[in-house]
Every structure is written in C-alpha cells, then in structure tokens.
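Enquirer: Respectively, the protein sequence lines represent chains A and B.
86 is the number that my numbering gives to position 86 of the first sequence; each next residue is one higher, with no gaps.
My numbering runs 1000 ahead of the 1-based position in the second sequence.
All residues carry an ideal CB built from backbone N, CA and C; glycine is no exception.
The structure presented is a predicted model; accordingly, all values stated were derived computationally and were not measured.
Okay, here's the structure, questions in a sec.
Number of protein chains: 2
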Amino acid sequence: MDKAKKQRLEKRGWKVGGVDEFLALTPDESAYIELKLALSKSIRQRRQHKNLTQMQMARLLKSSQSRVAKIEAGDASVSLDLLVRSLIILGATRREVAHVVAGQAR
Amino acid sequence: MDKAKKQRLEKRGWKVGGVDEFLALTPDESAYIELKLALSKSIRQRRQHKNLTQMQMARLLKSSQSRVAKIEAGDASVSLDLLVRSLIILGATRREVAHVVAGQAR
DNA sequence: GCACCATATATCAAAAATGACATATTGTCA
DNA sequence: TGACAATATGTCATTTTTGATATATGGTGC
C-alpha cells in the first residue's frame, strides 16, 4: 500500500497498521476494507443514477442525510450491514450486490 | 413465507412481521435476512471442510466459541460484518464471498 | 454408567454503530 | 455578489453488536 492511499484511509477513520506501526494491513483486513469501499462507491452511483438526494435516500433507509454522506464517503464508522442494506434499498438484487462484492463490478 | 419457516426465524431471534402482525417481511428485509442465512450456512461448511473446531475458528477471528456457534446458528445478533469477516478469515476470496451472496452458491 | 470433547444457549459489561442534530462546505443559478 | 439546495463534517445519547464467561446439551469411546 502506498503512502497516499494510507493517508486517504486514515482520513476516513481507518486504523491502518496493526501491532507494528510500520506494518500495513493484513490481507484479510485489507480485503475487508476494500470491499466496503467498493460497496460505498457503488451506492453513490446507484443513488445518483436514480436521481435521489441523500435526503431522499435517508428516508428510504430510515436514516439521516449525514449518515448517507458517511456511507458514500467510505467512513469507517459505517457497517457492512448498512452498506448492503443501502444497496438493497436502492433496488439492487442479491445478484447485483454480489457483482459489487466480487470486485470486478461497476 | 410458510409458518414453519417463520417459526424457525423467530427461534433465532428474528422479528418477523412488522407493523401489522400478520404481515410478513418486506422484500428488502427478507432479502437481507436470507443473505445472512446463506452466509451463515456457507461459513459452517467452510469451517468443517477445513477441519477446524469452533474454538480454533474463534481464535482466528479473535472472537469466542460461543459467538462462532451463533454465527453458524444464524442468530439475529450477528452482524453482516462478522459473517463476511468470518468467510474471509476462512480463506474465501472476494469472488467466493460474492458467489455466496449471489445465492445460487454452494 | 462416566469421562471427554464439540457445540449450543444465556447473560452481561464493554465497545461499536446508529440516527439525529448542528453546522460547515460546495456548487449553481440569477 | 447572494440566496439556495445538496453534501460534508462533527458530536453525542441511545441502540446494537461484541467477546467473554458460565453452563447446558449432544455425541463417542470406554
């Protein structure tokens, strides 16, 4: 992982580096975070494609605009649960969610 | 949803039926729960295939045997986060996780 | 029967995630 | 410029999820 990427992650609240401060994420941690970021990106795309504001999407999700903003910003405080529920609420089928999870998705 | 299935879900702690007691889950809720159950099932398979006890898997996950049991029992108190992290820790790639998410998986 | 091990279930204090809210920033149109 | 809508960021009390622990249940070999 390069330095710029590390800083981008830390900006979003991710703790990058485990026991040893210099060491990066384990492959498992890394896969997990990248999965979340992929979902996050896909959510913004879907929302915009449906011409919804964050406010409108928040109502569908029974959440708040600020949380939707955090979802789309890839904030570390957002759970996989909320990410996946967001996609589903935006109309994604399990198949489509899977496509995003697989990673070659767009 | 038939009655037996409803009871099985409620046993696991799922709140089945929303505003109206007779009404079942919305399609979104249903998709979300079925996704979790699919992951749960896949986790048990993977763990057994690797000949790990729940205890051993708990150590990999930095969790406890009881939580692993709940993961595999499809308990409602288990998050999607933990389910996906479990699969990853058992060696699943994002592609493989996606296959489970897609639903025609095995 | 009784050890032994794996798994299941219950409970709970601590940690993480949540929605709500306030406020700041950004973009756009006149 | 200024008004406005959308989005971003920060904080926080409440809710949910967590690992840990204890204990119960189930299976297997003796």
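Taking 8 Å as the CB-CB limit, is residue 35 of chain A close to chain B?
Expert: Residue 35 of chain A sits at position 35 when you count from the first residue of the first sequence. True, the Cβ-Cβ gap to chain B drops below 8 Å.
Enquirer: When the cut-off is 8 Å and only beta carbons count, does residue 1095 of chain B lie next to chain A?
Expert: Numbered from its first residue, the second sequence carries residue 1095 of chain B at position 95. Yes, its Cβ sits closer than 8 Å to a Cβ of chain A.
Enquirer: Hey, is the stretch 1067 to 1085 of chain B in contact with the stretch 61 to 74 of chain A, meaning 3+ C-beta pairs nearer than 8 Å?
Expert: As far as the Cβ criterion goes, the stretch 1067 to 1085 of chain B does not touch the stretch 61 to 74 of chain A, which means the pair count is below three.
Enquirer: So if I threshold CB-CB distances at 7 Å, which residues from the stretch 73 to 93 of chain A count as touching chain B?
Expert: Per Cβ criterion, the list reads 79, 80, 81, 84, 85, 88, 89.
Enquirer: Only counting runs of 4 or more residues, tell me where the alpha helix (DSSP H) segments fall wholly within the stretch 29 to 71 of chain A, in order along the chain.
Expert: The qualifying runs are 54 to 61.
Enquirer: Quick one: residues in its chain with C-beta nearer than 8 Å to the C-beta of residue 36 of chain A, no 5 flanking neighbours on either side, listed in chain order?
Expert: In the first sequence, counting from the first residue as 1, residue 36 of chain A sits at position 36. So the qualifying residues of the chain are 74, 78, 80, 83.
Enquirer: Using DSSP with H/G/I as helix, E/B as strand and the rest coil, what is residue 1090 of chain B?
Expert: Residue mapping note: residue 1090 of chain B aligns to position 90 of the second sequence, counting from 1. Three-state result, residue 1090 of chain B: coil.
Enquirer: Evaluate the contact criterion for the stretch 91 to 100 of chain A versus the stretch 1045 to 1063 of chain B: three or more CB pairs, one atom per stretch, below 8 Å.
Expert: Taking 8 Å as the limit for Cβ pairs, the verdict is that the stretch 1045 to 1063 of chain B does not touch the stretch 91 to 100 of chain A.
Enquirer: Against chain B, does residue 101 of chain A count as a neighbour if the rule is that its beta carbon must be under 8 Å from one of theirs?
Expert: As a working note, residue 101 of chain A is residue 101 in the first sequence. By this cut-off, residue 101 of chain A is an interface position.
Enquirer: Would you say residue 1058 of chain B lies against chain A (beta-carbon separation less than 8 Å)?
Expert: Residue 1058 of chain B sits at position 58 when you count from the first residue of the second sequence. Output row for residue 1058 of chain B: interface = no.
Enquirer: Could you name the residues of chain A that residue 1098 of chain B contacts, counting a contact when the two beta carbons are closer than 9 Å?
Expert: For this step, residue 1098 of chain B is matched to residue 98 along the second sequence. Within 9 Å Cβ-Cβ: 97, 98, 99, 100, 101, 102, 103, 105.
Enquirer: Give me the Cα-Cα distance between residue 125 of chain A and residue 43 of chain A, rounded to the nearest whole angstrom.
Expert: Given a span of 1 to 106 for chain A in the structure shown, any question on residue 125 of chain A remains unanswerable.
Enquirer: Reducing DSSP to helix, strand and coil, say where residue 81 of chain A ends up.
Expert: The sequence position of residue 81 of chain A within the first sequence is 81, counting from 1. If DSSP states are grouped into helix, strand and coil, residue 81 of chain A belongs with the helices.
Enquirer: Below 8 Å CB to CB, which residues in the same chain sit around residue 1021 of chain B once its five sequence neighbours on both sides are set aside?
Expert: Reading the second sequence from its first residue, position 21 is the one you call residue 1021 of chain B. A caution first: residue 1021 of chain B carries a pLDDT of 47, below 50, which makes its placement in the model unreliable, though a value can still be read off. Result list for residue 1021 of chain B: empty, nothing under 8 Å.
Enquirer: Output, in chain order, the set of chain B residues within a Cβ distance shorter than 7 Å of residue 31 of chain A.
Expert: Mapped onto the first sequence, residue 31 of chain A falls at position 31. The contacting residues are 1088, 1094.
Enquirer: Using three-state DSSP, classify residue 12 of chain A as helix, strand or coil.
Expert: Against the first sequence, residue 12 of chain A aligns to sequence position 12. Coil, per DSSP.
Enquirer: Quick check: what's the CA-CA separation for residue 1102 of chain B versus residue 1039 of chain B?
Expert: Residue mapping note: residue 1102 of chain B aligns to position 102 of the second sequence, counting from 1. Residue mapping note: residue 1039 of chain B aligns to position 39 of the second sequence, counting from 1. Roughly 10 Å between the two C-alpha positions.
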